[in-house]
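Since the structure comes first, as structure tokens, the remarks are kept for the end.
Residue numbers (my numbering), protein chains in the order written: chain V, 515 to 1080; chain L, 79 to 413.
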């Protein structure tokens, strides 16, 4: 893991960048800590990606094929016809600058090439040069430039300094979405075998083993059994999760981070405790064991290949509908791509909650709903009993993950749940939440170790907003519904806002959920004492101390002789 | 260079129009041929560009959602910022096109040491509104030059625009505001470092050109006080394809007209296409209903996948070892 400079050094940048030289004349400097390792050839080979080869971003020679320019330009031409978004966004930008200070990477680095408009111009300048008459005729005069290796490297550096969060798009008067441009840029880069290890590794894993983290079926089962043991220690309930079971009503798909690592695992325990409590007829799948989709950060085709497993497995198992866990880009894919790629899911039924009878018409075609929709509906129909005080040790704020906010609009459901399960909930500043939410800085496959400085910088605006509510309200818990958030926020919080823990919404649901009248749990999902338990213990200790004091008093009243105490 | 160049070009255009009509008396060229050619190029260019966009596919439904989705009856949907129906999309587009809703959302981030602050930033929104609305009103006002009789709507609009009753001829509010708007948009390209940095010559050129058009129009009206009836006769002739000689018209009118012709020729091949472009933007003109209604990708094609059968073939033994059920019905393509 790259060493991150101290906070003072990191915040020494200015948002008024030095603009004396023209951006086209400013060379790209590859700074250690700001980029990821190169893809390993074997990972690219696994999924038949072009030009697997050994190279490194810091090398002078990237081992490009002889005809690389032709490949890139043909690739652009192809995509200009296939994606109206791409063609339009190349054409209509007026460079008004509204997006300039909306990007968390600009806000955290002050690097002018991280202004979305300029990051897009990196590609637009090539578009003009090779695909427009004015660019061919007037070149630099109209903002066109030749495609060179330096340009390609610049693309690589900056298209991996974009998390496809779409915040710029919310502010653009034409809706120009840098995510679309980054997606196209990465597709082009991918044509030359220039992906990153942190993306192509999980893609290869997911393709072969069904999940990003590369767990084989037996490991998934044992991991989850281990979590169920913890859950039994906490709640006294023995839960038998079901895997690959034909005829279940619901296929439950989560991001693999949720059954793999802290703190996602607590959220996962929360899901399964809730399902067990409801007696839900669900099954997990080891084949479709990934909700997320790192393929989405390489090519549209790869994303579709990985995503195909979910419908295929739903069909094989004969389930009625699909329930999805808390994840960010997973839900961009489920909401905006899955049905188009791999649908129609006419072998499934419109999701219907077996508990409340609610039919989820908003998922009438995909047949897949988000777990916060499912749980919010339960709460609305009074199907769950909560002891909010079990979350009293947590002062909670909520981070909208970029994709559920700006590619779906799932804003109120998680808030509705949070308000039902905890007493201390505070929003971060208005300009940093909901559709204006700020990215964790690690999305779209940037949550590696070697680019830690980039992540700390990109996440700074979010962390700064957390710091504000920590200082104002004593917030100590950052909740979210995104596996990348859960994986990346702990490091971000440790760096900028120490003392703030990171939790999924369903972790807190499970804390507060009253299973039955005998449920007098002492521990939360992290096996830490619940506030009630702490209070009880303290009260007992106090009482014991009081009694001891009384006894001592009584004894001293009786003027005990030495040694009587024994 | 990116500022001076475009300025020189616009000044040169002014000079050319002036010399060619004032001294060379090429009235037919500047009053007849060029306007026809420019208008034809404008229309052809528009069609070519729009058809090119339209032919490019919309494979996915990718609206940028800026509010609550439609889920439950008891959660209020942001019907305009996150539309799920055609009506909602229409509303969103109307707000976007007529009121620049996304620009209204704009804010400004400021950094002090290790703190970030967000402040309101409505100037760009105001400047953009000033310019675009003035431009629209001015174009509509010009309709009186090509329509006879002038429909009441345009008469009322003209009266409203001159309601301040200042000077003679009456001062149009839109004339003042368009110059203010353009001046502001130009000034911020100089004043705001970030915007200056991203600006290209092609960002300055249309501003200078439009300023040239506005200023020449204003000078024509308030300075030279051109004969409006005479202008109308020529314009009517042009649009009815019965041109009348334009020799008696003032030179400043030819300058104005030539700059407008330049704009028409330039428009379809420039960023000014953002005007029709906004209607095509997939992040704005699509409903967020892709879970309820299937969106079809016209070029969707089958892809190579790793099937369950292959998976079971590879991991069957390991699955058995932890008691996972094996599916007897699947047959691996490999085996």
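No residue lacks a Cβ here, since even glycine has one placed at the ideal position from N, Cα and C.
Beta-carbon proximity of residue i to residue j, cut-off 8 Å
| i | j | result |
| --- | --- | --- |
| residue 762 of chain V | residue 797 of chain V | yes |
| residue 1011 of chain V | residue 911 of chain V | no |
| residue 83 of chain L | residue 279 of chain L | yes |
| residue 216 of chain L | residue 256 of chain L | yes |
| residue 565 of chain V | residue 713 of chain V | no |
| residue 188 of chain L | residue 177 of chain L | no |
| residue 624 of chain V | residue 639 of chain V | no |
| residue 357 of chain L | residue 171 of chain L | yes |
| residue 605 of chain V | residue 355 of chain L | yes |
| residue 1019 of chain V | residue 993 of chain V | yes |
| residue 676 of chain V | residue 633 of chain V | yes |
| residue 731 of chain V | residue 393 of chain L | yes |
| residue 834 of chain V | residue 788 of chain V | no |
| residue 541 of chain V | residue 691 of chain V | no |
| residue 722 of chain V | residue 560 of chain V | yes |
| residue 806 of chain V | residue 755 of chain V | no |
Beta-carbon contacts of residue i that lie in its chain and below 8 Å, excluding the five residues immediately before and after
| i | result |
| --- | --- |
| residue 629 of chain V | 611, 613, 614, 615, 617 and 620 |
| residue 245 of chain L | 300 |
| residue 267 of chain L | 273, 274, 277, 281, 282 and 285 |
| residue 225 of chain L | 232 |
CA-to-CA distance, residue j to residue i, given in whole angstroms
| i | j | result |
| --- | --- | --- |
| residue 88 of chain L | residue 671 of chain V | 38 Å |
| residue 896 of chain V | residue 987 of chain V | 30 Å |
| residue 1047 of chain V | residue 1007 of chain V | 27 Å |
| residue 739 of chain V | residue 184 of chain L | 49 Å |
| residue 336 of chain L | residue 112 of chain L | 8 Å |
| residue 821 of chain V | residue 534 of chain V | 47 Å |
| residue 803 of chain V | residue 998 of chain V | 16 Å |
| residue 121 of chain L | residue 359 of chain L | 21 Å |
| residue 752 of chain V | residue 1028 of chain V | 16 Å |
| residue 1086 of chain V | residue 931 of chain V | Because chain V spans 515 through 1080 in this model, residue 1086 of chain V falls outside it and cannot be assessed. |
| residue 402 of chain L | residue 792 of chain V | 24 Å |
| residue 128 of chain L | residue 590 of chain V | 19 Å |
| residue 642 of chain V | residue 869 of chain V | 57 Å |
| residue 652 of chain V | residue 659 of chain V | 10 Å |
| residue 744 of chain V | residue 384 of chain L | 34 Å |
| residue 944 of chain V | residue 283 of chain L | 38 Å |
| residue 1079 of chain V | residue 1063 of chain V | Residue placement at residue 1079 of chain V is flagged as unreliable, the pLDDT there being 45, under the threshold of 50; a coordinate-derived value is accordingly withheld. |
| residue 1069 of chain V | residue 778 of chain V | 55 Å |
| residue 968 of chain V | residue 546 of chain V | 9 Å |
Unbroken beta strand (DSSP E) run spanning residue i, endpoints
| i | result |
| --- | --- |
| residue 187 of chain L | 185 to 190 |
| residue 766 of chain V | 764 to 767 |
| residue 194 of chain L | 193 to 198 |
| residue 835 of chain V | 835 to 838 |
| residue 991 of chain V | 991 to 994 |
| residue 882 of chain V | 882 to 884 |
| residue 912 of chain V | 910 to 913 |
Supposed contact pair residue j and residue i - C-beta distance, whole angstroms, cut 8 Å
| i | j | result |
| --- | --- | --- |
| residue 361 of chain L | residue 683 of chain V | 6 Å |
| residue 957 of chain V | residue 521 of chain V | Not confirmed; about 22 Å, so no contact. |
| residue 173 of chain L | residue 158 of chain L | 6 Å |
| residue 719 of chain V | residue 726 of chain V | 6 Å |
| residue 598 of chain V | residue 698 of chain V | The pair is not a contact, with the Cβ atoms about 12 Å apart (cut-off 8 Å). |
| residue 325 of chain L | residue 105 of chain L | 5 Å |
| residue 694 of chain V | residue 600 of chain V | 6 Å |
Where the alpha helix (DSSP H) containing residue i begins and where it ends
| i | result |
| --- | --- |
| residue 171 of chain L | 164 to 177 |
| residue 219 of chain L | 201 to 220 |
| residue 394 of chain L | 386 to 399 |
| residue 307 of chain L | 306 to 317 |
| residue 825 of chain V | 814 to 831 |
Cutoff 7 Å; reference residue i; Cβ partners in own chain excluding five residues on either side
| i | result |
| --- | --- |
| residue 321 of chain L | 110 and 315 |
| residue 631 of chain V | 607, 609, 611, 613 and 614 |
| residue 242 of chain L | 249 and 251 |
| residue 1077 of chain V | Caution is warranted here: a pLDDT of 48 is assigned to residue 1077 of chain V, below 50, making its placement in the model unreliable, and no coordinate value can be reported. |
| residue 902 of chain V | 935, 936, 937 and 1026 |
| residue 146 of chain L | 153, 154, 155, 156 and 160 |
Residues of its chain near residue i, where Cβ-Cβ distance is below 6 Å and the 5 sequence neighbours each way are ignored
| i | result |
| --- | --- |
| residue 991 of chain V | 908, 910, 1015 and 1017 |
| residue 262 of chain L | 205 |
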